[in-house]
Structures are given as structure tokens and as C-alpha cells.
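Novice: Heads up: the protein sequence lines correspond to chains A and B, in order.
Using the working numbering, the letters of the first sequence map in sequence onto residues 10 to 185.
Using the working numbering, the letters of the second sequence map in sequence onto residues 622 to 1100.
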Amino acid sequence: MNAYGLMAVFETPADAMHAAEQVRDAGYSKWDVHTPFPVHGLDAAMGISNSKVGWFTFIGGATGYTTGMIMIWWMNAFDYKIVIGGKPMFSPFYAFPVSYELTILFASFGSLIGMALLNRLPRLHHPLLKNRRFCQGASHDKFILVIETADPKFNAEETRKLLASAGSKHIEMVED
Amino acid sequence: MSAAVEHPVPSSVKIAPPPAELEREPLVLNNRSIGWLSDHIAGICEGPAPKWWLPALMISSTALVMMLGCIGYLISTGVGVWGLNQPVEWAWDITNFVFWIGIGHAGTLISAILFLLRQKWRTSVNRAAEAMTLFAVACAGIFPVIHVGRIWYAVWWLPPIPNNYDIWVNFRSPLLWDVFAVSTYGTVSLLFWYTGLIPDLATMRDRATGKVKKFLYGFFALGWTGSNRHWSNYEKAYLLLAGLSTPLVLSVHSIVSFDFAVSQVPGWHTTIFPPYFVAGAVFSGFGMVLSLLIPLRTLCKLEDIITVRHVSLMCKVILATGSIVGYAYGMEFFIAWYGGNPYELAAFKNRAFGPYWWAYWSMISCNVICPHLFWFKKLRENMLFVFIVSIFVNIGMWFERFVIIVISLHRDYLPSSWGYFRPTWVDVCTFIGSFGLFVTLFLLFMRYLPMIAISEVKGVTPQADPHHPQGGAKHGGHH
């Protein structure tokens, strides 16, 4: 049984945020704060940079628009041409509404898939989710800071001291 | 805010909290704690079903079965079982389609547009409204598929595509744009709704006691741990989905209106249709949101979360969109006269004073007069009154689509082919049955999924704000 990390429970978002600032300044890299809702300002307190989901959205949208235009051209102007009302075989104007919808459709899938990829989700097993106190807190009303033992700076005593000085009332080693 | 933004305040300076009258009314009443929110909202799914739930489900699923029977009869026999005949080839079927699609728009407006506008009150109602969107789109989707009756006569536009003649569908037609708009709308609404559900599914998973429940909630929660590194990507994805849903929802009803506006029929061929349809859709959708949530907030004891202020704000949206709709009705008549097209003018005279005058004036009284009662605060805060008006809004908006579709069709250019549409019992039962589908889905939703976005409501409480004394801030929230 290896230890996964040291978990410190905080009662308020402000306490967790101040603790996060201290952990960030102490130079840890493999750690996280688990909260029941996104806490504003915590990204900065943890030193997290802007999310890259937008790139996935953009690639999705560009793919969708191109797919729409090419599909319509191929179906109505190349594979089986039918003259309807004397209108041109292909025109970007009549192809626009459908391409517009496909832009949004693919961009939405891009956003969700991008979020899942960047977060390494879905994940059906996580050591923290086996911990009762974690499950009763992180999705309910507690703010839980976890520093992994895999962190190069991790030291069972020093790390525990740091978290205690940050004001956590409950600190516990989580088994893997 | 990071430390860099914080300005050091000299100790001699005393910062007082803002005066009480400037504090906004809280979004969650009675200063409920974060834990209370998850206990209370998740409790709706966890406790035994309320006494009214099973009888309600039985009634609605009976209506659903009735609709399935009617559809079976229609498809085996043909559109003749409906009151359709020359010249009215579209009647209740397409009316119902536009009605249901319009209902959905309020859900997306609440979840996406109000999110972009940072209207924090949306958090109490967005989950239920988005669910309503999905179920309304499901009801809407039925009608275009079945509206040809014996569908094997329409195989050229139904899957498998391409058909045995290898013909592709015609992308020059607004009807096909509509297929893409509605199916994209349904899919993106589902994605958006599901994304919002992930953290709440994790809450349900962590609270679940039964093995099956824990597995199912856990499976769909994707292993969410509430990690802030995850929240960072999640919030970005949510913001982008809101940004994508906004142009989407505006396009959907615009494209639905193209089904009519691109044709040559007097009464349909007008450029005001796209904005007028979108405003009408939002108007009817808010009517439906209120019809659903006003009973539910009492039945499920949600008065602290869906407060009187929430209801009052939604009434204001109804007032605003209802005024736009009223303006559009007036403008249509003005253009019919000012445009100098005799057919257009005849169509509009016939609309108000022809054989269907009763439908037109029902629409006017429900959609133009009713919403203006919401100018009065007393009436906006009277739940029973708001509930009754919301029902009238729904009725009025159904009549609007009936007026546009049937009245415009029943007298076309050739007086010899004028007619009068009368619905048959199959028309009526199919429409009532679609409510059965809608209510059944909604009842199942509210019983098995948190009907209020738990994590989002938590996020707008003062306890969630690290700069607020209740969120644990030591020096008050004055950054």
C-alpha cells in the first residue's frame, strides 16, 4: 500500500485559497484543491494558467464549417447534380445555414472533448474517491487540498507542518 | 483576485461595509449553507417519491401511450386521419412542431445568454429549464417526421440517404436547413446540459447508498473529483458552450421562420419573421418554465432557492419579449397596408376578421394583453396569478402558430380552392399526447437527477465567495 498524498480539509474557500497561495509559494507542483464549486481567484492562487480548451473549440468549429461546405458542394454540385429553380449548383450563400449549424455542432463537441482530454476524464478509479472523508466533503461543503507523495518536494513531516500552519483542522494521509 | 491586485490599506483608514439598502436581495434566502443546498436538492431524488409523483406519472404516460396509438393509426392509414386537405396541408402538425421548438428556447436563453450576461439568478432555474428544452425538442422532433403520414411515400428525404435512386437531399431548401438547425440544437442542448450535470452527478455519486445508484451516477460523473485544475478547464468549456449556444438558439427559430418566410404565401413571406419568431419563442418558453417551476417550488419546498425574486425576474422577461411580439403583430399589419400588395393586405384582413377571427383574437388577448399585467410588481409576486398568466402565454403562443400557418393557407390565390380546416380527434389526441411525453420525461428527470444545478447555486452564495466574511475572508470583501 503506497500513500497517494496528504489531504488537508478546510472549512471555507478563503482558508483554502490562502493555503493554496502558501503551497504555491513553497514550490510544490503535484497538488490540487478539490472544491464543490469553482472558487473564484483560486486559479491565480494556485498559479494555473489560462485553460487551453478554446483551441479544441476552434479546431472543431473550423472542421464543422469546412465539412458543411464540402459536403454540400459534393452532394448537390458534384455527385448528383439536379437543377432546382434555375439556382446555381453550388453557392456559399445557400450552403451557409447548414455549415453554420455544423460549425456550432463540431465546436461544441470540440469543447467537451477538449475539456475531457485536458482533464484526463473519464476516469473510473481515483485513490481520493475511496476516501470517505474526501467523498463527503469535496462534493458537499468542504475545500480539500491534496499534495501528492509523487511531488519532488514532498516530505511527510514538512508538508504536514505547512498544511497545519495554513489552518487545516484535519490532515490525513490518503492510501493509494 | 491575486495578491498583485490587492492594495495595502493604511491602518488608519476604516472601511465600512456598504449600507444595507445597497445590498442586493440574496439569491438564496434564509442564508442557507452550502451543505444545506446539496442536502436539500439531492434530497428530492433520494427520499421516497412524493405522493403526487406516481399518479402524475401514470396520467402523463397514459397520454404518451395515446399519442403512440394515434401515430400508429396515422402512419398506417395516412394524413387523411388528420383534418388536412386542400388547401390546408399543414395545420396542427407543424403548429405543434413550431410550438414545441419555441418552448425550448427559454431553456437555452437562461442557460447560455443569461450566463454570458452574468445574471447570477439563472443558477436556480437553469437546470430545469435546460431539461425542459431537451424534452420540448424531443416533442417537436416527432411532428416533422410523422407529418407525411405513410412515410414510405417520403423515402427520398428519410434515411437511408442516399435512397435507391442515389439522389441527395436539396440543400437549397429551408426545410433542410431546419433539419440541421433542430438536430444541432437538440444535440448541443444535450451536451450543454450534460456538462452542467457532471459536478452534480459527482455529488449524487458521493451521496448514493445503493450499489447500482453509485455505479450509474459514478459512470456518468466521469470520475469528477472537483479538482480545481479540472474546474479551470471545465469553466472554460462551459463558457465556450454558452458562447456557442447563443448564436445557435438565435439561428434555430430564425431558420424555423424561413420555412415560412422563404415561401411565396401571403402572410408568410415577410422579412420580420426571424426576429419575431425568436422573441415569440423566448416568450413562450418562459411561460412554460413558469408553468413548471411555480408548482414545483411549492411541491418540492424550493422557495428558498427559486425565490419570489426569481419568478418576478422571469415575468419581466415575459413582459419584454411579449412587447416585442405585440410590436411585430402591429408591424405586420402596417407593412401589409404600407407595402401596397393587395394579396398581403387581404391575407391580413382575413386573419383578423375572416372565419378564423376567434383564433386571431385569442392570440391577441393572450400574447399582447396578458403580459402587460406584469408591469405591476404586486401581480409579478403573486404566484397563483403568474401561474395563470403563464398558462395563457402558452395558449396564446400555440394560437400564434396556428394563426400564421392555417389562416395563411386556408385562402390562397384561387378562391375556388378556399377551405376551412377542422381538426379531427386524431389531431387533438396527438397534441395532448405530446404533453404526455413532455411531462413524463420531466417527471422522470426531477426524480432521478438534481433539478437545480447544485454546484452553480452554491457558487453564487456569499459563503462561496473567498472575499466575503461568510466565505472566511478575514478583512471583509473590499478588493
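Built from N, CA and C at the ideal position, the CB exists for glycine as well.
Which residues of chain A have a Cβ atom closer than 8 Å to the Cβ of Phe792 (chain B), listed in chain order?
Specialist: Ile81, Met84, Asn85, Tyr103, Ala104, Val107
Novice: My parser needs the alpha helix (DSSP H) runs of 4 or more residues fully inside the stretch 631-684 of chain B; what are they?
Specialist: 655-667
Novice: Mind checking whether the beta-carbon of Leu871 (chain B) lies closer than 7 Å to any heavy atom of the ligand ZN?
Specialist: Judged by which ligands are present, the structure shown has none, so any question about the ligand ZN falls away.
Novice: If you measure from the beta carbon of Gln145 (chain A) to each beta carbon in chain B, is any gap under 8 Å?
Specialist: yes
Novice: Out of B:Leu865, B:Val932, B:Thr824, which one is the CA nearest neighbour of Ile742 (chain B)?
Specialist: One detail in the question is off: residue 742 (chain B) reads as Trp in this sequence, not Ile. Nearest C-alpha to Trp742 (chain B): B:Val932.
Novice: Determine whether the Cβ of Gly123 (chain A) lies closer than 8 Å to any Cβ atom of chain B.
Specialist: yes
Novice: In this structure, does DSSP put Ala625 (chain B) in helix, strand or coil?
Specialist: In this prediction, Ala625 (chain B) has a pLDDT of 47, which is less than 50 and means its spatial position is unreliable; nothing more can be read from the coordinates.
Novice: For Ala759 (chain B), would you say it is in contact with chain A, using Cβ-to-Cβ distances shorter than 8 Å as the test?
Specialist: Not one chain A Cβ lies under 8 Å of Ala759 (chain B).
Novice: Excluding sequence positions up to five away, which residues of its chain have a Cβ less than 6 Å from the Cβ of Ile734 (chain B)?
Specialist: If we look at Ile734 (chain B) and ignore the five residues flanking it on each side, its Cβ neighbours are Thr867.
Novice: Please report how far the alpha carbon of Thr112 (chain A) lies from the alpha carbon of Phe1063 (chain B), in whole angstroms.
Specialist: 30 Å
Novice: Does Asn1102 (chain B) come within less than 8 Å of chain A when only Cβ atoms are used?
Specialist: Because chain B in this structure spans residues 622 to 1100, residue 1102 (chain B) falls outside the shown range and cannot be described.
Novice: If we define contact as Cβ-Cβ less than 8 Å, is Leu869 (chain B) a contact residue for chain A?
Specialist: Yes, contact with chain A.
Novice: List the residues of chain B whose Cβ lies closer than 7 Å to the Cβ of Thr66 (chain A), in chain order.
Specialist: Leu861
Novice: Leaving out five residues before and five after Lys814 (chain B) in sequence, what residues of the same chain have Cβ atoms less than 7 Å from its Cβ?
Specialist: According to the sequence as given, residue 814 (chain B) is Trp; it is not Lys. Once the five neighbours on either side are set aside, the close Cβ partners of Trp814 (chain B) are Glu751, Ala752, Leu755.
Novice: Distance check for Val809 (chain B) and Glu110 (chain A), CA to CA, integer angstroms please.
Specialist: 10 Å
Novice: Does Met16 (chain A) get closer than 8 Å to chain B when you measure Cβ to Cβ?
Specialist: no
Novice: Could you name the residues of the same chain whose beta carbon sits closer than 6 Å to that of Val790 (chain B), not counting the 5 residues immediately before and after it, in chain order?
Specialist: Trp778, Leu797
Novice: Going by DSSP, name the residue or residues bridged to Ile180 (chain A).
Specialist: A:Ala17
Novice: Measure the alpha-carbon distance for Asp787 (chain B) versus Lys96 (chain A) and round it to whole angstroms.
Specialist: 21 Å
Novice: Pick from B:Gly888, B:Cys760, B:Ala749, B:Thr942: whose alpha carbon is nearest that of Gly807 (chain B)?
Specialist: B:Cys760
Novice: Taking the alpha-carbon of Gly1057 (chain B) as reference, which of B:His661, B:Val883, B:Leu1070, B:Met688 has the nearest alpha-carbon?
Specialist: Between Gly1057 (chain B) and the set B:His661, B:Val883, B:Leu1070, B:Met688, the nearest pair of CA atoms involves B:Met688.
Novice: Classify Val886 (chain B) as helix, strand or coil using the three-state DSSP reduction.
Specialist: Three-state result, Val886 (chain B): coil.
Novice: Just the chain B side, please: which residues come within less than 8 Å of Val62 (chain A) by C-beta, in chain order?
Specialist: Asn854, Lys857, Ala858, Leu861
Novice: Touch check for the stretch 82-94 of chain A and the stretch 122-134 of chain A: three-plus C-beta pairs under 8 Å?
Specialist: no
Novice: Could you please give me the residues that DSSP links to Leu126 (chain A) through a beta bridge?
Specialist: Answer is none; Leu126 (chain A) lacks a bridge partner.
Novice: Skipping 5 residues on each side, what residues in its chain have a beta carbon closer than 6 Å to that of Pro992 (chain B)?
Specialist: Excluding residues within five positions, the ones whose Cβ falls inside 6 Å are Ile939, Leu940, Gly943.
Novice: What's the call for Ser633 (chain B), buried or exposed, on a 16-neighbour Cβ count within 10 Å?
Specialist: exposed
Novice: Output, in chain order, the set of chain B residues within a Cβ distance shorter than 7 Å of Val42 (chain A).
Specialist: Asn849
Novice: According to DSSP, is Asn706 (chain B) part of a helix, a strand, or is it coil?
Specialist: strand
Novice: Nearest by alpha-carbon distance to Pro1044 (chain B): which of B:Leu675, B:Val702, B:Gln707 is it?
Specialist: If we check each option's Cα against that of Pro1044 (chain B), B:Val702 comes out closest.
Novice: Which residues, taken in chain order from the stretch 17-39 of chain A, show a beta carbon closer than 9 Å to some beta carbon of chain B?
Specialist: Answer in chain order: Phe19, Glu20, Thr21, Pro22, Ala23, Asp24, Ala25, Met26, His27, Ala29, Glu30.
Novice: If you measure between the beta carbons of Asp827 (chain B) and Gln31 (chain A), is that distance less than 8 Å?
Specialist: no
Novice: Can you name, in chain order, every residue of its own chain whose Cβ lies under 6 Å from the Cβ of Ile915 (chain B), other than the five neighbours on each side?
Specialist: Met1004, Phe1008
Novice: So is Gly1097 (chain B) in contact with chain A if we call contact Cβ pairs under 8 Å?
Specialist: For Gly1097 (chain B), the predicted structure reports a pLDDT of 47, less than 50, and the residue's modelled location is therefore unreliable. The matter cannot be settled from this model.
Novice: For Leu154 (chain A), name the three-state secondary structure that DSSP assigns.
Specialist: strand
Novice: Would you verify that the beta carbon of Leu812 (chain B) is, or is not, closer than 8 Å to some beta carbon of chain A?
Specialist: yes
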